[in-house]
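Student: In my numbering, the protein residues as written are 7 to 543.
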Amino acid sequence: MSTTPNTQASDHPAATQAPSCKLSASPHDAPASPPGKRPAPPCTLVIFGAGGDLTKRLLMPALYNLAVDGLLDGGMRIIGVNHGERETSEWREDLHKSLQQFAADKASTFHAGKLDDQAWDWVAQRLEYMAGEFETDDTFTKLKQKLDQSPGGNVIFYLAVGSRFFKPIVEHLGKAGLLKEGGGGSSGFRRLVIEKPFGTDFASARDLNAHILSYAQESQVYRIDHFLGKDTVQSILAVRFANALFEPVWRREYIDSVQISAAETIGVEGRGKFYEQTGAFRDMLPNHLFQLLGMVAMEPPNSFDAEAVRDKKAEVFDAIQPLAPDDVVFGQYEKGPAGVGYREEPNVAPGSTTETYAAARVFVENWRWAGVPFYLRTGKRLAARRTEISVQLKPVPFRLFRDTPVDALTPNVLTLRIDPAHGTSFDFNVKTPGPVMQVGAVQSSFDYADFFTERANVGYETLLYDCMLGDETLFQRADSIETSWCAVDDVLHPKTGGALPVHGYAAGSEGPAEADALLARNGHAWRPLKQHAVEKK
Numbered sequence: 007m008s009t010t011p012n013t014q015a016s017d018h019p020a021a022t023q024a025p026s027c028k029l030s031a032s033p034h035d036a037p038a039s040p041p042g043k044r045p046a047p048p049c050t051l052v053i054f055g056a057g058g059d060l061t062k063r064l065l066m067p068a069l070y071n072l073a074v075d076g077l078l079d080g081g082m083r084i085i086g087v088n089h090g091e092r093e094t095s096e097w098r099e100d101l102h103k104s105l106q107q108f109a110a111d112k113a114s115t116f117h118a119g120k121l122d123d124q125a126w127d128w129v130a131q132r133l134e135y136m137a138g139e140f141e142t143d144d145t146f147t148k149l150k151q152k153l154d155q156s157p158g159g160n161v162i163f164y165l166a167v168g169s170r171f172f173k174p175i176v177e178h179l180g181k182a183g184l185l186k187e188g189g190g191g192s193s194g195f196r197r198l199v200i201e202k203p204f205g206t207d208f209a210s211a212r213d214l215n216a217h218i219l220s221y222a223q224e225s226q227v228y229r230i231d232h233f234l235g236k237d238t239v240q241s242i243l244a245v246r247f248a249n250a251l252f253e254p255v256w257r258r259e260y261i262d263s264v265q266i267s268a269a270e271t272i273g274v275e276g277r278g279k280f281y282e283q284t285g286a287f288r289d290m291l292p293n294h295l296f297q298l299l300g301m302v303a304m305e306p307p308n309s310f311d312a313e314a315v316r317d318k319k320a321e322v323f324d325a326i327q328p329l330a331p332d333d334v335v336f337g338q339y340e341k342g343p344a345g346v347g348y349r350e351e352p353n354v355a356p357g358s359t360t361e362t363y364a365a366a367r368v369f370v371e372n373w374r375w376a377g378v379p380f381y382l383r384t385g386k387r388l389a390a391r392r393t394e395i396s397v398q399l400k401p402v403p404f405r406l407f408r409d410t411p412v413d414a415l416t417p418n419v420l421t422l423r424i425d426p427a428h429g430t431s432f433d434f435n436v437k438t439p440g441p442v443m444q445v446g447a448v449q450s451s452f453d454y455a456d457f458f459t460e461r462a463n464v465g466y467e468t469l470l471y472d473c474m475l476g477d478e479t480l481f482q483r484a485d486s487i488e489t490s491w492c493a494v495d496d497v498l499h500p501k502t503g504g505a506l507p508v509h510g511y512a513a514g515s516e517g518p519a520e521a522d523a524l525l526a527r528n529g530h531a532w533r534p535l536k537q538h539a540v541e542k543k
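1) Is the beta carbon of I53 less than 8 Å from the beta carbon of A166?
2) Can you give me the C-alpha to C-alpha distance between I84 and A512, rounded to a whole angstrom?
3) Assign S225 to one of three DSSP states: helix, strand, or coil.
4) Could you check whether the Cβ of P379 sits closer than 8 Å to any Cβ belonging to chain B?
5) Going straight from the alpha carbon of L184 to that of K148, what length do you get?
6) Can the beta-carbon of A46 be found closer than 8 Å to that of M474?
7) Do Y466 and A68 come within 8 Å of each other at the CB atom, strictly closer than that value?
8) Out of P174, V245, A250, which has the shortest C-alpha to C-alpha gap to L576?
9) From the DSSP secondary-structure annotation, give me the bridge partner or partners of F163.
10) Is there contact here, the region 485 to 500 with the region 264 to 281, by at least three beta-carbon pairs under 8 Å?
11) Is the number of C-beta pairs between the region 358 to 376 and the region 327 to 347 that are closer than 8 Å three or more?
12) Would you mind reading off the limits of the alpha helix (DSSP H) that contains I175?
13) Give the range of the beta strand (DSSP E) segment to which V445 is assigned.
14) In the DSSP output, which residue or residues are listed as bridge partners for R136?
15) How about E139 and H217: do their beta carbons lie closer than 8 Å?
16) How would you label H499, buried or exposed, when you count the other beta carbons within 10 angstroms and need 16 or more for buried?
17) In three-state terms, what does DSSP make of S309?
18) Run through DSSP, which three-state label would Q155 get?
19) Determine the closest residue to A244 out of F310, K150, T384, with distance taken between C-alpha atoms.
20) Can you list, in chain order, the residues of its chain whose CB lies under 7 Å from that of I326, leaving out five sequence neighbours each side?
21) Would G273 pass as a contact of R387 if the rule is Cβ separation under 8 Å?
22) Judging by CA-CA distance, which residue of Y281, E321, K202, G476 is the nearest neighbour of S225?
23) According to the neighbour-count rule (16 or more other Cβ atoms, all chains shown, within 10 Å of its Cβ), is Y260 buried or exposed?
24) If we require 3 or more residues per run, which beta strand (DSSP E) segments fall completely within the region 372 to 407?
25) So which of A523, S104, D100 has the shortest CA-CA distance to G119?
26) Note down the Cα distance separating T287 from G80, rounded to an integer number of angstroms.
27) Cβ of I395 within 8 Å of Cβ of L298?
28) One question on the structure: do I424 and V239 come within less than 8 Å of each other, judged by their Cβ atoms?
29) I need the straight-line Cα distance from V87 to R374, nearest angstrom please.
30) Extract the residue ranges of the alpha helix (DSSP H) inside the region 307 to 349, only unbroken runs of 4 or more that lie entirely within it.
31) Rounded to whole angstroms, what's the CA-CA distance from A455 to A427? Just pull it up for me.
32) Put N435 into one of helix, strand or coil per three-state DSSP.
33) Determine the closest residue to N372 out of R258, E460, G347, with distance taken between C-alpha atoms.
34) I'd like the list of long-range same chain contacts for E177, defined as Cβ closer than 7 Å, with 5 residues on each side in sequence excluded.
35) Let me know the secondary structure DSSP gives D495 once reduced to three states.
36) Tell me which residue opens and which closes the beta strand (DSSP E) that I424 is part of.
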């Protein structure tokens, strides 16, 4: 989200191949940074969980893309900490092979095609592996010795590990003095990046926050939500606040309802053990979907300063009416056209009641949104892969059409398509050709690919870059985390009636019928996951 001025980078790989009539650039030559961007300051990135899937699939591709763009300083170092002894050269080669594999896979989020060898070499030269257990003093003593050599003392600690390691790693970092800024005569920063799940309910989130903030300042903590790294998510603010067409009607007087969907066609993909402990509701709703809701519902900030934006989002979360059990529907996929049922997946209990689908009706009780329902849904093994936000406007008066063959008008709906299609569409009504007043539904759409060159992007590039710059706009604050969990606590811990029932739905379907009934109470219906948007073939 940084809007800092352009400056000249130093010691970066070239972003493109040199013309054939010139000599190839040296691996240390500096390309110009993109317009409006400046290289991040020199720093050391310490990745706990260097051998994990997150590092291979997302962090390393993101760092590679930042290097290609000339946004990393020549003094950058990357130290990978993980269980088990291995040579740095072996770790580098493992990451290189993974990157090549993902780049060649068109279905991968990182589908760059052929790697730029010069850019990879630049990154590889800065990789160093360090074996260490996450819960022993020796690891952090050894790490401290390495970090004494960090340029400027700038260090980012990235916890790409299971949530059970969050507390011990933060505690060891704190006790070793590694989170202290300005220590030893250095003016460098120390930052801590934490992945979700950030707690499993209100009590655990509050406890985790308290533990972290006993060793670090809130300004040092970057709670990451990769949804916010997507360009199409950040574009929500541009659509709202950069267009006079939308902002005047972005309120309860004109908007009938809002739907936010994050649907997947895949199942748990071998992650049954993790999913059994988490479920769709905890995994997606109080974090990813609430973040999208916050960007749709927030008041205009006075600026795009990090705290100004985060204050407005915090106001939305604080205004969410606590969800009651009858505001939520849980589902679990069963055998159907798309494959086996959840209970037949590896590492899933035969009688599991874990939900793979969750839908909720949410109300934001403030002046702008009072009475407008926000419908949220997420699920696996659904009819289509689709992450989008649909804003439905209120109907026009029908009296004008009382003597015409018009029985019903198509609702005006603005849809912001986030994944896998990137763009927007708008459903509205026009008169059909002919002498009789007939009204037909049409759709106007915009696709990013028609206007902009889309590049391989895993969604972490902006987040890592902003963290290096110290821009916290796209990261979650402690108060927002706790308020979000508080809003759903009665669903996770019902005061009466016991746990919510989990309804079956066929793999490959639109979800359980009970989710349709949830919307029907207010006279609404889900937007079909299939064939409701005009998409490029």
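All C-beta atoms in this analysis are idealised placements derived from N, C-alpha and C, irrespective of residue type, glycine included.
Tutor: So, to answer that:
1) By 1-based counting over the sequence shown, the position of residue 53 is 47. By 1-based counting over the sequence shown, the position of residue 166 is 160. The answer is yes: Cβ separation under 8 Å.
2) Taking the first residue of the sequence shown as position 1, residue 84 is located at position 78. Taking the first residue of the sequence shown as position 1, residue 512 is located at position 506. Rounded to whole angstroms, I84 to A512 spans 45 Å at the Cα level.
3) To locate residue 225, count along the sequence shown from 1; it is residue 219. Reduced to three states, the DSSP call for S225 is helix.
4) The question asks about chain B, but that chain is absent: this structure has only one protein chain.
5) Translated into the one-based positions of the sequence shown, residue 184 becomes position 178. Translated into the one-based positions of the sequence shown, residue 148 becomes position 142. For L184 and K148, the distance between alpha carbons rounds to 11 Å.
6) Position 40 of the sequence shown holds residue 46. Position 468 of the sequence shown holds residue 474. Yes, they are a contact pair.
7) Against the sequence shown, residue 68 aligns to sequence position 62. Against the sequence shown, residue 466 aligns to sequence position 460. In contact: A68 and Y466 (Cβ atoms closer than 8 Å).
8) There is no way to answer for residue 576, as the model of the chain reaches only from 7 to 543.
9) One-based indexing of the sequence shown puts residue 163 at position 157. Answer is V52, L198.
10) By the Cβ test, the region 485 to 500 is not in contact with the region 264 to 281, since fewer than three Cβ pairs between them sit closer than 8 Å.
11) yes
12) By 1-based counting over the sequence shown, the position of residue 175 is 169. Taken as a continuous stretch (DSSP letters only), the alpha helix (DSSP H) holding I175 covers 172 to 181.
13) As a first step, residue 445 must be located in the sequence shown, where it is residue number 439. Counting along the chain, the beta strand (DSSP E) containing V445 begins and ends at 445 to 453.
14) Taking the first residue of the sequence shown as position 1, residue 136 is located at position 130. Rather than Arg, the amino acid found at residue 136 in this sequence is Met. Answer is V87.
15) Position 133 of the sequence shown, counted from the start, is the residue given in the question as residue 139. Position 211 of the sequence shown, counted from the start, is the residue given in the question as residue 217. No, the Cβ-Cβ distance between E139 and H217 is not below 8 Å.
16) Translated into positions along the sequence shown, residue 499 becomes position 493. Exposed, since its Cβ has fewer than 16 Cβ neighbours within 10 Å.
17) The count along the sequence shown starts at 1 and reaches residue 309 at position 303. Reduced to three states, the DSSP call for S309 is coil.
18) Locating residue 155 in the sequence shown gives position 149, counting from the first residue. Coil, per DSSP.
19) Position 238 of the sequence shown holds residue 244. Considering only alpha carbons, the answer is F310.
20) Counted from its first residue, the sequence shown places residue 326 at position 320. Same-chain partners within the cutoff: V368, V370, A493.
21) The sequence position of residue 273 within the sequence shown is 267, counting from 1. The sequence position of residue 387 within the sequence shown is 381, counting from 1. Yes; because the gap between Cβ atoms is below 8 Å, this pair is in contact.
22) Residue numbering aside, residue 225 sits at position 219 when the sequence shown is read from its first letter. It is G476.
23) Within the sequence shown, numbered from 1, the residue matching residue 260 stands at position 254. Its Cβ having fewer than 16 others within 10 Å, Y260 is exposed.
24) 379 to 385, 392 to 399
25) For the purposes of this step, residue 119 is taken as the residue at position 113 of the sequence shown. G119 has its Cα closest to that of S104, out of A523, S104, D100.
26) The sequence position of residue 287 within the sequence shown is 281, counting from 1. The sequence position of residue 80 within the sequence shown is 74, counting from 1. Note that residue 287 is Phe in the sequence shown here, rather than Thr. Rounded to whole angstroms, F287 to G80 spans 42 Å at the Cα level.
27) Position 389 of the sequence shown holds residue 395. Position 292 of the sequence shown holds residue 298. The answer is yes: Cβ separation under 8 Å.
28) Along the sequence shown, one-based indexing puts residue 424 at 418. Along the sequence shown, one-based indexing puts residue 239 at 233. Yes, the Cβ-Cβ distance between I424 and V239 is below 8 Å.
29) On the sequence shown, residue 87 is found 81 positions in, with the first residue counted as 1. On the sequence shown, residue 374 is found 368 positions in, with the first residue counted as 1. Cα-Cα distance, rounded: 48 Å.
30) With a minimum length of 4 residues, the continuous alpha helix (DSSP H) runs that stay inside the region 307 to 349 are 312 to 325.
31) Counting from one through the sequence shown, the residue named residue 455 turns up at place 449. Counting from one through the sequence shown, the residue named residue 427 turns up at place 421. C-alpha separation (whole angstroms): 9 Å.
32) Start at 1 with the first residue of the sequence shown, and residue 435 comes out as number 429. Correct three-state label for N435: strand.
33) For the purposes of this step, residue 372 is identified with residue 366 of the sequence shown, where counting begins at 1. It is R258 whose Cα lies nearest to the Cα of N372.
34) For this step, residue 177 is matched to residue 171 along the sequence shown. Around E177, the same chain offers Y221 as residues with beta carbons nearer than 7 Å, after the five sequence neighbours per side are excluded.
35) Along the sequence shown, one-based indexing puts residue 495 at 489. Shown here, D495 sits in a helix according to DSSP, grouped into three states.
36) Walking along the sequence shown from the start, residue 424 turns up at place 418. That run of the beta strand (DSSP E) goes 419 to 425.
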